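Novice: Sharing a structure with you now.
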Amino acid sequence: MLGPIFNALISGGVLVVDELGSSMHPLLTKAIVSLFNSEEHNPNNAQLIFATHDTNLLSYGNFRRDQIYFIEKDYYGASSLYSLVEYKEEGGKTIRKDRSFEKDYIHGNYGGIPYIGGFSK
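Just so you know, we're using my numbering here: the sequence shown kicks off at 44 and counts up by one.
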């Protein structure tokens with residue numbers, strides 16, 4: 044995976060990855076993301092677009108709110124894509140940038156939570 048990563052960083056290209064981090068340690072995934080968010084290591088403004096289930100990446104300081112998107116499937120299997128910027132806190136205020144996005148996501152505040160159903164049935 045290093046070849047496409049460095050190629051994008053050197054050329055200023057776009058790298059699209061499905062399930063980034065699925066076979067990596069979470070710290071390695073975070074390091075890869077940090078390369079793309081670094082002015083020093085990404086002087087050509089390469090973009091990394093990825094899907095992941097690694098909620099550790101939602102920790103404070105890794106992303107701006109406009110960099111985080113969620114996908115949620117409805118009852119019929121249709122998917123909806125929406126940005127964290129679209130969410131409002133109580134009272135209609137924008138989600139604070141110092142919120143724990145990971146904790147809020149796991150608690151279902153932003154949707155994107157799978158329907159597990161009843162295993163007892």
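Even glycine gets a Cβ: it sits at the ideal position worked out from N, Cα and C. If you're wondering where the values come from, they're calculated on a predicted model, not measured in any experiment.
#1: Could you check whether the region 112-122 touches the region 53-72, counting it as contact only if at least three pairs of C-beta atoms, one from each stretch, sit closer than 8 angstroms?
#2: By the 10 Å Cβ neighbour count, where 16 or more other Cβ atoms means buried, how is Thr-137 classified, buried or exposed?
#3: Buried or exposed for Tyr-153, going by 16 or more other Cβ atoms inside 10 Å?
#4: Just to confirm, is the Cβ distance from Gly-55 to Asn-88 under 8 angstroms?
#5: CA-CA distance, Ser-102 and Ser-143?
Specialist: So, from the data block:
#1: no
#2: Translated into the one-based positions of the sequence shown, residue 137 becomes position 94. Thr-137 is classed as exposed because its beta carbon has fewer than 16 other beta carbons within 10 Å across all chains shown.
#3: Counting from one through the sequence shown, the residue named residue 153 turns up at place 110. With 16 or more neighbouring CB atoms inside 10 Å of its own CB, Tyr-153 falls in the buried class.
#4: On the sequence shown, residue 55 is found 12 positions in, with the first residue counted as 1. On the sequence shown, residue 88 is found 45 positions in, with the first residue counted as 1. Yes, these two residues count as a Cβ contact at 8 angstroms.
#5: Here the question's residue 102 lines up with position 59 in the sequence shown. Here the question's residue 143 lines up with position 100 in the sequence shown. If you take the alpha carbons of Ser-102 and Ser-143, they lie about 6 angstroms apart.
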